[in-house]
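Taking it in order: structure first as structure tokens, then the write-up.
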Amino acid sequence: MAKSGRRIRIFSALEVANICGVVNQTTINWIRNGHLKAFTTPGGQYRIYAKDLAAFLDKRGMSASEEILQVIMEDADWGTLLIIADRPLNNNLKSGIESSLPGLEVIQALDWFEAGRKSIEEKPGYILFDAGLQGMDLSKFIQTIKEDPIFGKPIVIMLGSSQNLSYPADGVIAKPMDFSKFKNLIKSFDKYTDSAATA
């Protein structure tokens with residue numbers, strides 16, 4: 429499956445220092461003391477993902493630069509679909525969706541924690557979740573995904589019987605999934621293009 433080509437923005441410790449108006453050593457101290465999440469390159473240099481820098485700035489009440497805001501506010505990737513369901517259903521859905529909508533890159537999450545992480549990291553344009561998957565207030569999940577700009581404002585589709593949600597999904601499809609109906613539903617959203625995610 430072709431990748432969408434989304435560039436992940438990564439900052440050096442010095443860039444973070446310049447953004448925050450501090451010296452490089454202060455950024456290193458933040459990292460070493462566990463305040464700022466970072467990883468190290470093979471050469472031992474610290475690198476910080478944009479989402480981790482944004483979380484750090486927000487937690488500290490610091491203003492984000494225009495560049496950080498642009499990365500965080502970036503639209504969802506309309507060439508990707510995130511499926512949130514248990515493994516057997518997830519694998520079945522992935523296979524059927526890839527066959528009926530080959531232009532979409534399918535990402536899988538098997539629980540709500542993994543779904544949250546992948547929603548931030550990948551910013552999928554479409555999120556399909558199983559309403560029967562336990563462990564989450566579905567209305568709160570949909571509202572957070574739709575209203576917090578860090579997720580890129582994706583289209584959220586619920587798989588299962590329609591529920592009385594205080595914050596409804598953008599679409600609902602019945603179980604077991606009819607893949608031709610799902611294809612028509614995806615195509616009904618103005619974000620979808622047949623060339624999405626193709627090389």
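FYI, in our numbering the residues of the sequence shown are 429 to 627.
We treat Cβ as the ideally placed atom computed from N, Cα and C, and that holds for glycine.
Exercise for the section: Using the Cα positions of Ser608 and Ile511, report the straight-line distance between them to the nearest angstrom. Expected result: Counting from 1 along the sequence shown, the entry for residue 608 is found at position 180. Counting from 1 along the sequence shown, the entry for residue 511 is found at position 83. It is roughly 17 Å from the alpha-carbon of Ser608 to the alpha-carbon of Ile511.
Practice task
Using three-state DSSP, classify Phe610 as helix, strand or coil.
Solution key: Against the sequence shown, residue 610 aligns to sequence position 182. Helix, per DSSP.
Practice task
Could you tell me which residues DSSP puts in a beta bridge with Phe439?
Solution key: Residue mapping note: residue 439 aligns to position 11 of the sequence shown, counting from 1. Note: Phe439 sits in a beta bridge opposite Ile476.
Handout entry: Which of helix, strand or coil DSSP assigns to Ala482
Key = Residue mapping note: residue 482 aligns to position 54 of the sequence shown, counting from 1. Ala482: helix per DSSP, three-state reduction.
Exercise for the section: Please list, in chain order, all residues of the same chain as Asp514 whose beta carbon is under 8 Å from its beta carbon, the five residues on each side excluded. Expected result: The residue you call residue 514 lines up with position 86 of the sequence shown. Excluding residues up to 5 positions away in sequence, Leu538, Asp558, Leu561 lie with their Cβ nearer than 8 Å to the Cβ of Asp514 in the same chain.
Handout entry: Rounded separation between Asp480 and Trp458 - CA only
Key = Here the question's residue 480 lines up with position 52 in the sequence shown. Here the question's residue 458 lines up with position 30 in the sequence shown. So the two alpha carbons sit approximately 12 Å from each other.
Exercise for the section: Kindly indicate which three-state DSSP category Gly599 falls into: helix, strand or coil? Expected result: Working through the sequence shown from its first residue, we reach residue 599 at position 171. Strand.
Practice task
Taking the CB atoms as reference points, tell me whether Ala504 and Lys551 lie closer together than 9 Å.
Solution key: Counted from its first residue, the sequence shown places residue 504 at position 76. Counted from its first residue, the sequence shown places residue 551 at position 123. Yes; because the gap between Cβ atoms is below 9 Å, this pair is in contact.
Practice task
In the DSSP assignment, find the unbroken alpha helix (DSSP H) run with Thr469 in it and report its ends.
Solution key: Within the sequence shown, numbered from 1, the residue matching residue 469 stands at position 41. Segment: none, Thr469 is in no alpha helix (DSSP H) and carries neither H nor E.
Exercise for the section: Quick one: residues in its chain with C-beta nearer than 7 Å to the C-beta of Lys603, no 5 flanking neighbours on either side, listed in chain order? Expected result: As a working mapping, residue 603 is identified with position 175 in the sequence shown. Within the same chain, Cβ atoms closer than 7 Å to the Cβ of Lys603 are found at Leu587, Gly588, the five residues on either side in sequence being excluded.
Exercise for the section: Compute the distance between the beta-carbons of Gly553 and Gly580, then report whether it is under 9 Å. Expected result: Residue mapping note: residue 553 aligns to position 125 of the sequence shown, counting from 1. Residue mapping note: residue 580 aligns to position 152 of the sequence shown, counting from 1. Going by beta carbons, Gly553 and Gly580 fall inside the 9 Å limit.
Exercise for the section: Please specify which runs of the beta strand (DSSP E), each continuous and at least 3 residues long, are wholly inside the segment 517-562, giving them in chain order. Expected result: Counting only runs that start and end inside the segment 517-562, the beta strand (DSSP E) elements of at least 3 residues fall at 533-537, 552-558.
Handout entry: Of the listed residues Gln473, Cys448, Lys619, Leu529, nearest to Asp486 (C-alpha basis)
Key = Counting from one through the sequence shown, the residue named residue 486 turns up at place 58. Comparing alpha carbon positions, the residue from Gln473, Cys448, Lys619, Leu529 closest to Asp486 is Cys448.
Problem - Alpha carbon of Ala430 to alpha carbon of Thr508, nearest angstrom - result: Along the sequence shown, one-based indexing puts residue 430 at 2. Along the sequence shown, one-based indexing puts residue 508 at 80. In this prediction, Ala430 scores a pLDDT of 41, lower than 50, which makes its location untrustworthy; the coordinate-derived value is nonetheless stated afterwards. In a straight line, the C-alpha of Ala430 is about 10 Å away from that of Thr508.
Exercise for the section: Would you list the residues sitting across from Val584 in a DSSP beta bridge? Expected result: Within the sequence shown, the letter at position 156 stands for residue 584. According to DSSP, residue pairing for Val584 in a beta bridge involves Ile555.
Practice task
Please classify Leu566: does DSSP put it in a helix, a strand, or coil?
Solution key: Position 138 of the sequence shown holds residue 566. Helix at Leu566.
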